[in-house]
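Taken in order, these protein sequences are the chains called B and E. Position 95 (the first sequence) corresponds to 88 in the numbering used here; numbering is contiguous. Position 59 (the second sequence) corresponds to 52 in the numbering used here; numbering is contiguous. Even for Gly, the Cβ is constructed at its ideal location relative to N, Cα and C. Working notes for the structure below.
Number of protein chains: 2
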Amino acid sequence: MFELDIRSRQPIYEQLVEKMKELIIHEVWKPNEQLPSVRVLAKELTINPNTIQKAYRELEYQGYIYSIPGKGNFVAPQSKAINHEKVEAVKQQLLKLLCEAFYIGITRDDILSLLEEAEQSAGRGDET
Amino acid sequence: MFELDIRSRQPIYEQLVEKMKELIIHEVWKPNEQLPSVRVLAKELTINPNTIQKAYRELEYQGYIYSIPGKGNFVAPQSKAINHEKVEAVKQQLLKLLCEAFYIGITRDDILSLLEEAEQSAGRGDET
DNA sequence: CTGACTGTAATAATAATAGTAGTACAGTTA
DNA sequence: TAACTGTACTACTATTATTATTACAGTCAG
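Structure follows, in structure tokens:
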């Protein structure tokens, strides 16, 4: 399920956060679904449980999951991920990246295509 | 000119790369303009010349500047920054970010506004 | 040519961070 | 009770970022 690049200069826990975020955004992992336990996933990926936990804490901080001690970690309903600061941060990131895109010659039409693609693949269920 | 956050977990040289890239993209630094020398900038920012050099090497690798040993570092003409791999990489980043944007409730119209803003500010000397 | 710039390279030492290993404690559930 | 779950903490190692220092070579104005 996860292909981690140990040799990458990007820390393992950051790679985990990115890939899990994708699974959540694309609703491969549905709201309130239970995530693999830190110990099970650590064993499966042959990495340390602490590293998984670090990724889970980061995902919780960003509003993508919530945890119930003793029970497990669960995908947060989308509403939890929506917070004004985060929205502004993503907008700013987006603006930067769009400027860069124009600079290196990506056209407005290219971007509109990507927009279509994103709109179709992103979780579109507007449930709770 | 640069406000560096030493306390940030983001390495100084990465912060430099980001900020300089912005200056180049927004044509505050024009093509073929000479960048500050590694020693002068290091003294100005009270950091080590090696750290500046690392940032310059990264910018050169990404095609945003070129260097002439003995003379200095210079802003690359835009054509140098355009390389197929980079274009694809930025497109992929953009797609990911757009998906995330939709997920957290940013609307299509919001994004179209950002697109306008980017189109106007990229390469026209506007500030961020 | 000299002197004062420029970039580049390399080494060594330090500081900060990522990752592992192990242990312990508490809540949940069958 | 037993076997899960999350969380917290300490200690150790490996990696990386950053600094400090030195050295060498190209450029250019005097």
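Measure the Cβ-Cβ separation of residue i and residue j and say whether it is below 8 angstroms.
i	j	result
isoleucine 75 of chain E	lysine 84 of chain B	no
isoleucine 5 of chain B	isoleucine 58 of chain B	no
isoleucine 104 of chain B	leucine 108 of chain E	yes
cysteine 92 of chain E	alanine 111 of chain B	yes
glycine 56 of chain E	lysine 73 of chain E	yes
Quick one: give me the first and last residue of the beta strand (DSSP E) that residue i is part of.
i	result
phenylalanine 67 of chain E	65 to 68
tyrosine 59 of chain B	58 to 61
Please name the residue, chosen from the options, that lies closest to residue i on a Cα-to-Cα basis.
i	options	result
lysine 79 of chain B	E:Tyr96, E:Glu110 and E:Leu87	E:Tyr96
arginine 50 of chain E	E:Ser72, E:Glu81, E:Ile18 and E:Met13	E:Met13
valine 130 of chain B	B:Leu16, B:Trp22, B:Gly63 and B:Glu11	Residue 130 of chain B is absent from the model: chain B starts at -6 and stops at 121.
asparagine 43 of chain B	B:Leu9, B:Ile17, B:Ser72 and B:Trp22	B:Leu9
leucine 88 of chain E	B:Ile18, B:Ala82 and B:Leu38	B:Ile18
glutamate 15 of chain B	B:Tyr54, B:Phe(-5) and B:Ala82	B:Phe(-5)
alanine 82 of chain B	E:Ser106, E:Asp(-2), E:Val21 and E:Leu90	E:Leu90
leucine 38 of chain B	B:Val21, B:Ser114, B:Asp(-2) and B:Ser106	B:Asp(-2)
leucine 52 of chain E	E:Glu7, E:Ile61 and E:His77	E:Glu7
alanine 115 of chain E	E:Tyr54, E:Val21, E:Arg101 and E:Lys47	E:Val21
Can you name the residues of chain E whose CB is closer than 8 angstroms to the CB of residue i?
i	result
aspartate 103 of chain B	Lys84
serine 114 of chain B	Cys92
phenylalanine 67 of chain B	Going along chain E, no residue has its Cβ under 8 angstroms from phenylalanine 67 of chain B, so there is no contact; the nearest lies around 17 angstroms.
alanine 48 of chain B	By Cβ distance, chain E contributes nothing, its closest Cβ being about 15 angstroms from alanine 48 of chain B, past 8 angstroms.
In the DSSP assignment, find the alpha helix (DSSP H) that holds residue i and state where it starts and stops.
i	result
isoleucine 5 of chain B	5 to 18
phenylalanine 95 of chain B	77 to 96
asparagine 43 of chain E	42 to 54
arginine 101 of chain E	101 to 114
leucine 34 of chain E	31 to 38
Would you mind telling me which residues of chain B sit closer than 8 angstroms to residue i, beta carbon to beta carbon, in chain order?
i	result
isoleucine 45 of chain E	What isoleucine 45 of chain E touches in chain B: nothing, since even the nearest Cβ is about 20 angstroms away.
alanine 111 of chain E	Leu88, Leu91, Cys92, Ala94 and Phe95
leucine 107 of chain E	Lys84, Leu87, Leu88 and Leu91
Which chain E residues are close to residue i, counting only those with a beta carbon under 9 angstroms from its beta carbon?
i	result
leucine 9 of chain B	The contacting residues do not exist; leucine 9 of chain B stays about 15 angstroms from chain E at best.
Please list the partners that residue i has in chain B, where partner means a Cβ-to-Cβ separation under 7 angstroms.
i	result
lysine 79 of chain E	Ile97
isoleucine 75 of chain E	Ile97 and Gly98
Cβ closer than 7 angstroms: which chain E residues qualify as neighbours of residue i?
i	result
leucine 38 of chain B	Chain E residues near leucine 38 of chain B: none, gap ~22 angstroms exceeds 7 angstroms.
isoleucine 58 of chain B	None at all; the shortest Cβ gap to chain E is about 14 angstroms.
isoleucine 18 of chain B	Cys92, Glu93 and Tyr96
Show which residues of chain B have a CB atom less than 9 angstroms away from the CB atom of residue i.
i	result
glutamine 71 of chain E	Tyr96, Ile97 and Gly98
Determine, using beta-carbon pairs with one atom in the segment 60 to 77 of chain B and one in the segment 20 to 31 of chain B, whether at least three such pairs fall under 8 angstroms. yes
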